[in-house]
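Trainee: In the numbering used here, the protein residues as written are 50 to 353. Sharing a structure with you now.
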């Protein structure tokens, strides 16, 4: 369905806030509420009555290094204000998997065209329905190798296929993340938690993250699909963030990638040992296509 750090992130919390502030009708209260608890998807979340607006595309949003940019899609809830301003203060940030791209890009390539129903726009709308009380941000990978391998090199060092090389926290970097080959970004955030919590610029933001969802995580590397570092997982368990680990047989039961299942087990058991109570789901029925896309994980997302 979302590793230690590169010299500069392409998209930071500040970048997202600036992107939001440039949109008509966005208020200061929305920026203050970025990532505020209870997050969308938590049991305490209360949906707004109005459906989300149409998808808005934000091109080449710069990060702390202006030369590093990512395209974003944004769906805002139509009900901008409630008595407690809850609709203005909840945000879901989604990092997509392989194959997924803008609709017009997917139509041009034979391997992607059959999966147009899982384009970034369509998945954004799916998430908008699931998290109807939240702003939904879809972060497009800055590079698609061979038009199918998502590479998030603005967030974490990775090879040409998008396999990550995780490292530790560097000051001034961070983001709220969500999901699949996008799991490489989510894993990176976990590796950075200790440093981020001690950084005055990031600690308040980290404290506002209430939920993190791993949805059928996978990437082409030979390890580190799931975080297994015990010290890092201990920090995650003590952070108070609700962890959701949802998988399908496509990832955790593939004999050619047996490490994925083993790492998933270590991830869950370690968090439990450290006192966390991760939400676990194993979805047997999946429509994952032959290539690695987030089709199945998006379906499992609907079951959250």
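C-beta: ideal position from N, C-alpha, C; glycine also. Since this is a predicted model, take the numbers as computed values, not measurements.
Going straight from the alpha carbon of residue 174 to that of residue 303, what length do you get?
Mentor: Residue mapping note: residue 174 aligns to position 125 of the chain shown, counting from 1. Residue mapping note: residue 303 aligns to position 254 of the chain shown, counting from 1. For residue 174 and residue 303, the distance between alpha carbons rounds to 30 Å.
Trainee: Measure the C-alpha to C-alpha separation of residue 2 and residue 204 and round it to an integer number of angstroms.
Mentor: Residue numbering for the chain in the displayed model covers 50 to 353; residue 2 lies beyond these limits and cannot be assessed.
Trainee: Using 8 Å as the cut-off, can you tell me whether the region 112-128 makes contact with the region 155-167, which would need three or more C-beta pairs spanning the two stretches below that distance?
Mentor: No, because fewer than three Cβ pairs between the region 112-128 and the region 155-167 fall closer than 8 Å, the two stretches do not touch.
Trainee: I believe residue 300 touches residue 265 by the beta-carbon criterion, under 8 Å. Please report the beta-carbon distance rounded to the nearest angstrom.
Mentor: Taking the chain shown and counting its residues from 1, the one referred to as residue 300 is at position 251. Taking the chain shown and counting its residues from 1, the one referred to as residue 265 is at position 216. Indeed, because the Cβ distance is near 5 Å, the residues count as touching under 8 Å.
Trainee: Which residues bound the alpha helix (DSSP H) around residue 240?
Mentor: Along the chain shown, read from residue 1 onward, the residue named residue 240 stands at position 191. Start and end: 232-247.
Trainee: Out of 194, 152, 145 and 202, which has the shortest C-alpha to C-alpha gap to residue 114?
Mentor: Along the chain shown, one-based indexing puts residue 114 at 65. That would be 202, whose Cα lies nearest to the Cα of residue 114.
Trainee: In terms of residue numbering, what span does the beta strand (DSSP E) encompassing residue 105 cover?
Mentor: Counting from one through the chain shown, the residue named residue 105 turns up at place 56. Where residue 105 is concerned, the enclosing beta strand (DSSP E) stretches over 105-111.
Trainee: Across which residues does DSSP place residue 296 in a beta bridge pair?
Mentor: On the chain shown, residue 296 is found 247 positions in, with the first residue counted as 1. According to DSSP, residue 296 bridges with 331.
Trainee: Output needed for residue 272: all residues of its chain with C-beta closer than 8 Å, excluding positions within five of it in sequence on either side, in chain order.
Mentor: Walking along the chain shown from the start, residue 272 turns up at place 223. The residues are 308 and 312.
Trainee: Apply the 10 Å Cβ neighbour rule to residue 156 and answer buried if 16 or more other Cβ atoms are within range, or exposed otherwise.
Mentor: Within the chain shown, numbered from 1, the residue matching residue 156 stands at position 107. By the 10 Å Cβ count, residue 156 comes out exposed.
Trainee: Output yes or no for whether 8 Å exceeds the beta carbon distance between residue 142 and residue 110.
Mentor: Stepping through the chain shown from its first residue, residue 142 is reached at position 93. Stepping through the chain shown from its first residue, residue 110 is reached at position 61. Their beta carbons are not under 8 Å apart, which means residue 142 does not touch residue 110 by this criterion.
Trainee: How long is the line joining the alpha carbons of residue 176 and residue 278, rounded to whole angstroms?
Mentor: Along the chain shown, read from residue 1 onward, the residue named residue 176 stands at position 127. Along the chain shown, read from residue 1 onward, the residue named residue 278 stands at position 229. Distance between the alpha carbons of residue 176 and residue 278 is about 30 Å.
Trainee: So, is residue 280 buried or exposed, given that buried needs 16 or more other C-beta atoms within 10 angstroms?
Mentor: Position 231 of the chain shown, counted from the first residue, corresponds to residue 280. The residue in question, residue 280, is exposed, as its Cβ has fewer than 16 Cβ neighbours within 10 Å.
Trainee: I'd like to know if residue 108 contacts chain B, where contact means its C-beta is closer than 8 Å to some C-beta of that chain.
Mentor: Judged by its chain identifiers, the structure shown contains no chain B, having just a single protein chain.
Trainee: Using the Cα positions of residue 319 and residue 153, report the straight-line distance between them to the nearest angstrom.
Mentor: Sequence index remark: in the chain shown, residue 319 carries index 270 (1-based). Sequence index remark: in the chain shown, residue 153 carries index 104 (1-based). Taking the straight line from one Cα to the other gives about 42 Å.
Trainee: List the residues that DSSP assigns as beta-bridge partners of residue 143.
Mentor: Position 94 of the chain shown, counted from the first residue, corresponds to residue 143. Residue 143 pairs with 187.
Trainee: Roughly how many whole angstroms lie between the Cα atoms of residue 160 and residue 146?
Mentor: Position 111 of the chain shown, counted from the first residue, corresponds to residue 160. Position 97 of the chain shown, counted from the first residue, corresponds to residue 146. So the two alpha carbons sit approximately 14 Å from each other.
Trainee: Starting from residue 308, follow the alpha helix (DSSP H) in both directions and report where the run begins and ends.
Mentor: Counted from its first residue, the chain shown places residue 308 at position 259. From DSSP, the alpha helix (DSSP H) with residue 308 extends over 307-322.
Trainee: How many angstroms separate the CA atom of residue 248 from the CA atom of residue 144?
Mentor: By 1-based counting over the chain shown, the position of residue 248 is 199. By 1-based counting over the chain shown, the position of residue 144 is 95. Going from the Cα of residue 248 to the Cα of residue 144 covers about 24 Å.
Trainee: Would residue 184 and residue 125 qualify as a contact pair, given that the criterion is a beta-carbon distance under 8 Å?
Mentor: Reading the chain shown from its first residue, position 135 is the one you call residue 184. Reading the chain shown from its first residue, position 76 is the one you call residue 125. Yes, Cβ-Cβ distance for residue 184 and residue 125 is below 8 Å.
Trainee: Compare the Cα-Cα distances from residue 276 to each of 186, 140 and 314 and report the closest residue.
Mentor: Position 227 of the chain shown, counted from the first residue, corresponds to residue 276. Of the candidates 186, 140 and 314, the one whose C-alpha sits nearest the C-alpha of residue 276 is 314.
Trainee: Per DSSP, residue 194 forms a beta bridge with which residues?
Mentor: Here residue 194 is taken as the residue at index 145 of the chain shown, counted from 1. DSSP, once it has assigned bridges, lists 198 as partnering residue 194.
Trainee: Helix, strand or coil for residue 124? Go by DSSP, reduced to three states.
Mentor: Counting from 1 along the chain shown, the entry for residue 124 is found at position 75. Three-state result, residue 124: strand.
Trainee: Tell me which same chain residues have a C-beta within less than 7 Å of the C-beta of residue 239, skipping the five on either side of it?
Mentor: What you label residue 239 is simply residue 190 of the chain shown in a count that begins at 1. Cβ within range, chain order: 276, 281 and 285.
Trainee: I'd like to confirm the pairing. Which residues does DSSP put opposite residue 180 in its beta bridges?
Mentor: Numbered from its first residue, the chain shown carries residue 180 at position 131. Per DSSP, none; premise fails for residue 180.
Trainee: Since residue 169 and residue 150 should fall inside the 8 Å C-beta cutoff, what is the C-beta to C-beta distance between them, to a whole number of angstroms?
Mentor: Looking up residue 169 in the chain shown gives position 120. Looking up residue 150 in the chain shown gives position 101. About 6 Å separates the two Cβ atoms, so the contact holds.
Trainee: Within 10 angstroms of its Cβ, does residue 305 collect 16 or more other Cβ (buried), or is it exposed?
Mentor: One-based indexing of the chain shown puts residue 305 at position 256. The residue in question, residue 305, is exposed, as its Cβ has fewer than 16 Cβ neighbours within 10 Å.
Trainee: Return the bridge partner residues of residue 291 from the DSSP annotation.
Mentor: Here residue 291 is taken as the residue at index 242 of the chain shown, counted from 1. Looking at the DSSP assignment, residue 291 forms a beta bridge with 260.
Trainee: When you compare each of 172, 328, 186 and 191 to residue 261 by their alpha carbons, which one comes out closest?
Mentor: To locate residue 261, count along the chain shown from 1; it is residue 212. Residue 261 has its Cα closest to that of 328, out of 172, 328, 186 and 191.
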